[in-house]
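The structure appears right after this line, and notes come after that.
Numbering (the numbering used here), first residue to last: 228 to 482.
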């Protein structure tokens, strides 16, 4: 079996922490590798314990419905299809299988030391919090995974509603704009959902709740034709503006 080693540079100035930066660098490396080798399907080794840890971390960070749906069994990054076939398999079962294989073949599995380094948030959850949960609430992982399934279904319902509302708001053919007047006719909670769905369609990172609320307030107050004052909402890699009665996104040029 071929082995590929992919060195990466982890940015230290993203403001999101080294773990998030390392995760982004890893997935970017996967995507580049898939293009270079014309291989567009990849299996990832995330398992049940990883999913439960992810749910717990997102809960502590105040994630919404989409975030609390957990890691998806199938996702896509550009041309690369990512699959997680072990999300229902516990870490202990995988370690047992690895130990049997080691006994049989002499192959020694590699252990990443950062997995136990408590200076990293996920490792701290794994080594400090998980043992307590396992002792006091033995079924906590299964409960969180059931919650993830409920949230995934709720997320799909919100996406369907967002798509319908975007069509009502006369989404442009290129997907970069919609009618401000139509958007303001929607109930306020659906206005927020439309913005999330719109950004998601364009693969633009979701704003924080505070920033989203600022956008909503400004868009609700601007003149219905969108030209009584300049609206310029800067976000990661884009700007949101009001022009000729439309809410539009302007993508920053790629260097």
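Cβ coordinates follow ideal geometry from the N, Cα and C atoms, glycine included.
Since we're looking at a predicted model, the values are computed, not measured.
Query	Result
Secondary structure, beta strand (DSSP E): runs of 3+ residues fully inside the region 293-353	301-304 and 307-310
3 or more residues per run - each beta strand (DSSP E) lying fully within the region 391-472	404-406, 459-462 and 465-470
Presumed contact (8 angstroms Cβ cut-off) between residue 297 and residue 281, rounded CB distance	6 angstroms
Identity of the residue in 244, 416, 371 and 411 nearest residue 349 by Cα	244
Segment contact, 8 angstroms Cβ cut-off, at least three pairs: the region 255-262 with the region 311-325	no
Buried or exposed by the 16-neighbour rule on C-beta atoms within 10 Å, applied to residue 236	exposed
Distance between residue 433 and residue 357 (C-alpha atoms, nearest Å)	29 angstroms
Spatial distance of residue 233 from residue 271 (CA atoms)	15 angstroms
In DSSP terms, what residue 476 is bridged to	467
Three-state secondary structure (DSSP) of residue 268	strand
Where residue 374 falls: helix, strand or coil (DSSP)	helix
Identity of the residue in 250, 406, 383 and 415 nearest residue 427 by Cα	383
Alpha carbon of residue 368 to alpha carbon of residue 475, nearest angstrom	42 angstroms
CB-CB length for residue 372 against residue 279, believed under 8 angstroms	7 angstroms
Chain-order list of residues whose beta-carbon lies under 8 angstroms from that of residue 341 (same chain, five-residue window excluded)	347 and 350
Residue 260 - containing alpha helix (DSSP H), residue span	245-263
Three-state class that DSSP yields for residue 363 in the structure shown	helix
Residues near residue 466 in its chain [Cβ-Cβ closer than 8 angstroms; skip 5 each side]	459, 460, 476, 477 and 479
First and last residue of the uninterrupted alpha helix (DSSP H) at residue 275	275-287
Inter-residue CB distance, residue 392 and residue 421 (contact presumed, cutoff 8 angstroms)	5 angstroms
Reference residue 472; option with closest CA among 399, 377, 462 and 337	399
Closest Cα partner of residue 437 within the set 419, 294, 266 and 470	419
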